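Numbering-wise (the UniProt record's numbering), the sequence shown opens with residue 1 and increments by one.
Each residue gets a CB set at the ideal place from its N, CA and C atoms; glycine is no exception.
Nothing here was measured: the structure is a model prediction, and the numbers come from that model.
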Amino acid sequence: MLDRLDQQPPDALLALIKLHDADSRADKIDLGVGVYRTDDGATPVFASIKAAERKLVAEQDSKAYLGPEGDMGFVHALVPFIFGADSPLTSRIEGMQTPGGTGAVRLALALARRAGVTRVFMGTPSWPNHAQIVADLGMELVGFRHAAPDGTADLDALKTALANARDGDAVLLHGCCHNPTGIDFSEAQWDEIASLLAASPVLPIIDLAYQGLGKGMDEDAYGTRTVLAAVPQALIAYSCDKNFGLYRDRVGALYVMAPDAGDLNRILSNGHALARAAWSMPPDHGAAAVRLVLEDAELTANWLAELQDMRSRIGQVRAALAEAGLAGSVDLTPYGRQFGMFAMLPLDKLQIDTLRSDHGIYMAATGRINVAGLTMDNLPKFIGAIAAVSD
Ligand code: PMP
Numbered sequence: 001m002l003d004r005l006d007q008q009p010p011d012a013l014l015a016l017i018k019l020h021d022a023d024s025r026a027d028k029i030d031l032g033v034g035v036y037r038t039d040d041g042a043t044p045v046f047a048s049i050k051a052a053e054r055k056l057v058a059e060q061d062s063k064a065y066l067g068p069e070g071d072m073g074f075v076h077a078l079v080p081f082i083f084g085a086d087s088p089l090t091s092r093i094e095g096m097q098t099p100g101g102t103g104a105v106r107l108a109l110a111l112a113r114r115a116g117v118t119r120v121f122m123g124t125p126s127w128p129n130h131a132q133i134v135a136d137l138g139m140e141l142v143g144f145r146h147a148a149p150d151g152t153a154d155l156d157a158l159k160t161a162l163a164n165a166r167d168g169d170a171v172l173l174h175g176c177c178h179n180p181t182g183i184d185f186s187e188a189q190w191d192e193i194a195s196l197l198a199a200s201p202v203l204p205i206i207d208l209a210y211q212g213l214g215k216g217m218d219e220d221a222y223g224t225r226t227v228l229a230a231v232p233q234a235l236i237a238y239s240c241d242k243n244f245g246l247y248r249d250r251v252g253a254l255y256v257m258a259p260d261a262g263d264l265n266r267i268l269s270n271g272h273a274l275a276r277a278a279w280s281m282p283p284d285h286g287a288a289a290v291r292l293v294l295e296d297a298e299l300t301a302n303w304l305a306e307l308q309d310m311r312s313r314i315g316q317v318r319a320a321l322a323e324a325g326l327a328g329s330v331d332l333t334p335y336g337r338q339f340g341m342f343a344m345l346p347l348d349k350l351q352i353d354t355l356r357s358d359h360g361i362y363m364a365a366t367g368r369i370n371v372a373g374l375t376m377d378n379l380p381k382f383i384g385a386i387a388a389v390s391d
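This is how it looks when you write it as structure tokens:
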């Protein structure tokens, strides 16, 4: 029976990592995989997380099972950071821990499907796993253009797409730091999106995977909070894997905002049932470390400072790109107006292949780069190489 399975293509980014590892050039540049890097090219464990982990090892007295909802102390500790301190909405919000933001997106879409959602509207391009998850759940994906030619988020495309939305539709929105374009909706656009969704039958699903890596913790939650304040119900998929640097520890959460606080138990019980059937319960360690950070004022302050450092460095790289202006025929100035770790370069396959073969610069075949893979040291080489292949 298993011989009926077709060979699947390898994950393109993971294949790129292998190619990069095999390259012996000392000045090679990895702009492929989406992890933050310091100016030295490292992806260190946050000091605040290390401190929390030490505490965890010293104090944790059992590893007995939790439930499918995971560590609810972790889930609740994040609430003021995501939804705002003292938000009146939080009485209508409850969550559960998930294996990373991917688990949260998966669960949000599976829950939506259980509730009768069959179509998912989404701006494209998007994080490739969005489309894979929608397809795997047997739902229909309706794409619309995310970015307009002028480099701003295309609100008109969203409006046109949602004009025909009906009961049974959901819209999947990136809360901030759009992956892969780096082009976010402005606050004025989010205000319009919120009004639009308030008058629409469509279920908002917000994927917030990079809070704190764009403009700031509160600023990056503007879209999420504004939409939630306007609509009766929504699902929020959250990841701590970037903003706590926990990637492989798989730390995320799904939050449900219900029309009425009394609906939450019933809705979450479906989330728990879906989790039980998929992964039973999420991995504990990373979420417990996040909880210990957030339960301790000093560790929280340290974490926020570490996050601020990441944000500043990404901003510095973006500013340096913008300052360079033109690299061959590529205008680098828009990258200074974008946010988060990712950006799209307007290069074709041949140019991307040449960057790899002739310059040792590795990026996704789509032209997406991890801005955090650039450093003050390798920026001149990068800009020169872009100029060389695009002239
Ligand atoms: N959503 C988006 C938009 C992402 O870019 C990512 C990570 N690349 C995720 C969700 C999931 O993150 P993780 O599963 O690593 O927490």
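Item, Value
"Among L294, A287 and A385, which one has its Cα closest to the Cα of residue 429?", "Because the chain is modelled from 1 through 391, residue 429 falls outside the range shown and cannot be assessed."
"Are P180 and A343 close, meaning C-beta to C-beta below 9 Å?", "yes"
"Tell me whether R250 counts as near ligand 3, meaning its Cβ is closer than 8 Å to at least one heavy atom of that ligand.", "Among the ligands in the structure shown, ligand 3 does not appear; only ligand 1 can be found there."
"Could you pull the DSSP bridge partners for P99 from this structure?", "V251"
"For a test of your reading of the model: does the CB of H174 fall under 8 Å from any non-hydrogen atom of ligand 1? Yes or no.", "yes"
"In terms of DSSP beta bridges, what is S239 paired with?", "G252"
"Give the list of continuous beta strand (DSSP E) stretches no shorter than 3 residues that lie fully inside the segment 125 to 201.", "140 to 145 and 169 to 174"
"Comparing the CB of D241 with every heavy atom of ligand 1, is any distance shorter than 8 Å?", "yes"
"Taking L332 as the reference, give the member of C177, G151, V171 and E140 with the closest Cα.", "G151"
"Are there 16 or more other CB atoms within 10 angstroms of the CB of R356, so buried, or fewer, so exposed?", "buried"
"Let me make sure I understand the geometry here. Which of I49, R266 and I193 has the alpha-carbon closest to that of K298?", "In the sequence on display, residue 298 carries Glu and not Lys. That would be I49, whose Cα lies nearest to the Cα of E298."
"Could you tell me the distance, in whole angstroms, from the CA atom of M281 to the CA atom of E187?", "36 Å"
"Can you tell which of A277, P149 and A131 has the C-alpha that lies nearest to the C-alpha of L141?", "A131"
"If you measure between the beta carbons of A237 and A110, is that distance less than 9 Å?", "no"
"Please report the straight-line C-alpha distance between N370 and F339, rounded to a whole angstrom.", "11 Å"
"State the Cα-Cα distance for the pair L31 and D154, rounded to the nearest angstrom.", "26 Å"
"Please name the residue, chosen from V251, V75, W127 and D23, that lies closest to G103 on a Cα-to-Cα basis.", "V251"
"Distance, Cα to Cα, G175 vs L13?", "23 Å"
"Here's the rule: buried if 16 or more other CB atoms are within 10 angstroms of the residue's CB, otherwise exposed. What is D184?", "buried"
"For A194, which of D220, T224, P380 and R311 has the nearest alpha-carbon?", "T224"
"Output the distance between the C-alpha atoms of R25 and V45, rounded to the nearest integer angstrom.", "26 Å"
"Terminal residues of the continuous beta strand (DSSP E) containing D11?", "Element bounds for D11: n/a, residue is neither H nor E."
"Go through its chain and collect everything with a Cβ distance to L19's Cβ below 8 Å, but skip five positions before and after it.", "R356 and Y362"
"Classify Y335 as buried or exposed, calling it buried when 16 or more other Cβ atoms lie within 10 Å of its own Cβ.", "buried"
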